[in-house]
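J.: Before anything else, here's the structure in question.
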Amino acid sequence: MPYYVYILLCKGQRFYTGYTKNLKSRMKQHVNGKGARFTRMYEPKGIAYTEEFTSRAKAMRRERSIKRLTHKQKLQLIKRQNNQ
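Numbering of the sequence shown is given in our numbering, commencing with residue 2 and proceeding in unit increments.
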(Lines of atoms letter the chains of each structure in order from A; the text may use other names.)
(Lines give C-alpha, C1' and ligand atoms only; values in the text may rest on other atoms or scores of the structure.)
Protein backbone atom coordinates (compact mmCIF):
# COMPACT_ATOMS: atom_id res chain seq x y z
CA MET A 2 0.00 0.00 0.00
CA PRO A 3 1.41 3.42 -0.92
CA TYR A 4 2.07 6.30 1.46
CA TYR A 5 1.17 9.88 0.68
CA VAL A 6 2.70 13.19 1.65
CA TYR A 7 0.17 15.99 1.57
CA ILE A 8 -0.11 19.72 2.14
CA LEU A 9 -3.36 21.11 3.47
CA LEU A 10 -4.42 24.68 2.90
CA CYS A 11 -5.74 25.92 6.23
CA LYS A 12 -7.47 28.99 7.60
CA GLY A 13 -5.35 32.12 7.40
CA GLN A 14 -3.52 30.87 4.27
CA ARG A 15 -1.41 28.53 6.41
CA PHE A 16 -0.12 25.15 5.32
CA TYR A 17 -0.03 21.87 7.19
CA THR A 18 2.19 19.06 5.88
CA GLY A 19 1.79 15.42 6.84
CA TYR A 20 1.93 11.85 5.58
CA THR A 21 -0.57 9.00 5.62
CA LYS A 22 -1.57 5.70 4.08
CA ASN A 23 -5.16 6.85 3.49
CA LEU A 24 -5.71 10.45 2.34
CA LYS A 25 -9.50 10.35 2.55
CA SER A 26 -9.52 9.01 6.10
CA ARG A 27 -6.79 11.38 7.28
CA MET A 28 -8.55 14.41 5.80
CA LYS A 29 -11.73 13.36 7.58
CA GLN A 30 -9.78 13.24 10.87
CA HIS A 31 -8.42 16.74 10.31
CA VAL A 32 -11.87 18.16 9.45
CA ASN A 33 -13.47 16.49 12.48
CA GLY A 34 -10.86 17.86 14.88
CA LYS A 35 -9.25 14.46 15.43
CA GLY A 36 -6.11 15.17 13.41
CA ALA A 37 -3.13 17.27 14.36
CA ARG A 38 -3.25 20.06 16.93
CA PHE A 39 -2.35 22.54 14.18
CA THR A 40 -5.47 21.67 12.16
CA ARG A 41 -7.64 22.05 15.25
CA MET A 42 -6.32 25.62 15.57
CA TYR A 43 -6.35 26.43 11.83
CA GLU A 44 -9.31 24.82 10.12
CA PRO A 45 -8.30 22.83 7.02
CA LYS A 46 -9.86 24.02 3.76
CA GLY A 47 -8.64 21.23 1.50
CA ILE A 48 -5.76 19.24 0.11
CA ALA A 49 -3.48 21.49 -1.94
CA TYR A 50 -0.71 19.02 -2.80
CA THR A 51 0.05 15.28 -2.73
CA GLU A 52 2.92 12.97 -3.55
CA GLU A 53 2.86 9.16 -3.52
CA PHE A 54 5.66 6.95 -2.12
CA THR A 55 6.31 3.22 -1.96
CA SER A 56 7.51 3.23 1.66
CA ARG A 57 6.83 4.98 4.93
CA ALA A 58 10.49 5.95 5.27
CA LYS A 59 10.51 7.73 1.90
CA ALA A 60 7.28 9.56 2.75
CA MET A 61 8.67 10.66 6.11
CA ARG A 62 11.86 11.98 4.51
CA ARG A 63 9.87 13.96 1.96
CA GLU A 64 7.55 15.30 4.65
CA ARG A 65 10.56 16.61 6.59
CA SER A 66 12.01 18.24 3.49
CA ILE A 67 8.71 19.97 2.67
CA LYS A 68 8.32 21.18 6.25
CA ARG A 69 11.68 22.95 5.90
CA LEU A 70 10.46 24.96 2.90
CA THR A 71 9.34 28.55 3.25
CA HIS A 72 5.70 29.48 2.67
CA LYS A 73 6.66 30.91 -0.73
CA GLN A 74 8.49 27.70 -1.72
CA LYS A 75 5.46 25.61 -0.71
CA LEU A 76 3.25 27.83 -2.88
CA GLN A 77 5.60 27.26 -5.82
CA LEU A 78 5.53 23.49 -5.22
CA ILE A 79 1.71 23.52 -5.20
CA LYS A 80 1.53 25.67 -8.32
CA ARG A 81 3.92 23.38 -10.21
CA GLN A 82 1.79 20.34 -9.43
CA ASN A 83 -1.47 22.08 -10.33
CA ASN A 84 -0.08 23.31 -13.67
CA GLN A 85 0.81 19.80 -14.85
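A virtual CB, placed ideally from N, CA and C, is assigned to each residue, including glycine.
1. Output the distance between the C-alpha atoms of G34 and V6, rounded to the nearest integer angstrom.
2. Is the segment 11-22 in contact with the segment 33-47, if contact means three or more CB pairs nearer than 8 Å?
3. List the endpoints of the continuous alpha helix (DSSP H) containing E44.
4. Relative to the C-alpha of M2, which residue among L9, L24, C11 is closest?
5. Quick one: Cα of R69 to Cα of S26, how far?
6. Examine chain B for any beta-carbon lying closer than 8 Å to the beta-carbon of T71, and answer yes or no.
7. Output yes or no for whether 8 Å exceeds the beta carbon distance between Y50 and Q82.
T.: If we stick to the structure as given:
1. 20 Å
2. yes
3. E44 -> no alpha helix (DSSP H), and no H or E assigned at all.
4. L24
5. Taking C-alpha positions only, R69 is separated from S26 by approximately 25 Å.
6. Of the chains in the structure shown, none is chain B; there is only one protein chain.
7. yes
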